[in-house]
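Okay, structure first, notes after.
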């Protein structure tokens with residue numbers, strides 16, 4: 001959850017899991033179960049948070065490649081949801 005831990009804590013956890021060999025098992029999501037999380041309702045962080053805020057911060061960490069980002073955010077979800 002965005003508000004539960006500082007962003008850097010989440011990034012560090014992802015990098016640690018990657019280091020332990022879990023890259024192809026990581027699946028990142030966001031908990032937007034309440035309408036006040038949507039910008040359209042005057043809230044935040046908004047649905048674009050992962051794409052526009054989190055992934056850039058992950059890249060800035062220097063511990064992840066573009067290919068690894070693609071694995072986490074494209075390839076792993078395709079496997080989970082059965083997409084081709």
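Residue numbers (full-length UniProt numbering): 1 to 84.
Note that beta-carbon positions come from the ideal geometry of N, C-alpha and C, so glycine has one too.
Nothing here was measured: the structure is a model prediction, and the numbers come from that model.
Under a Cβ-count criterion, where at least 16 other Cβ atoms within 10 Å of its own Cβ denotes burial, should residue 1 be classed as buried or exposed? Low confidence applies to residue 1: its pLDDT is 48, below 50, so where it sits in the model is not reliable, and the reading given next is rough at best. Residue 1 sits exposed, since fewer than 16 C-beta atoms from the chains shown fall within 10 Å of its C-beta.
Please say whether residue 68 and residue 18 have beta carbons closer to each other than 8 Å? For residue 18 and residue 68, yes; Cβs fall inside 8 Å.
Can you name, in chain order, every residue of its own chain whose Cβ lies under 6 Å from the Cβ of residue 15, other than the five neighbours on each side? Answer for residue 15: 63, listed in chain order.
Taking the straight line between their C-alpha atoms, what separation do you get for residue 73 and residue 54? Here the alpha carbons of residue 54 and residue 73 stand approximately 11 Å from one another.
Looking at the structure shown, is residue 9 part of a helix, part of a strand, or coil, going by DSSP? Correct three-state label for residue 9: helix.
Looking at residue 30: is its Cβ nearer than 8 Å to the Cβ of residue 49? In this structure, residue 30 sits near residue 49, with a CB-CB distance shorter than 8 Å.
Once the 5 residues before and after residue 57 are set aside, which same chain residues still bring their CB inside 7 Å of it? If we look at residue 57 and ignore the five residues flanking it on each side, its Cβ neighbours are 7 and 11.
Where residue 80 and residue 20 are concerned, what is the direct C-alpha to C-alpha distance, given to the nearest angstrom? If you take the alpha carbons of residue 80 and residue 20, they lie about 20 Å apart.
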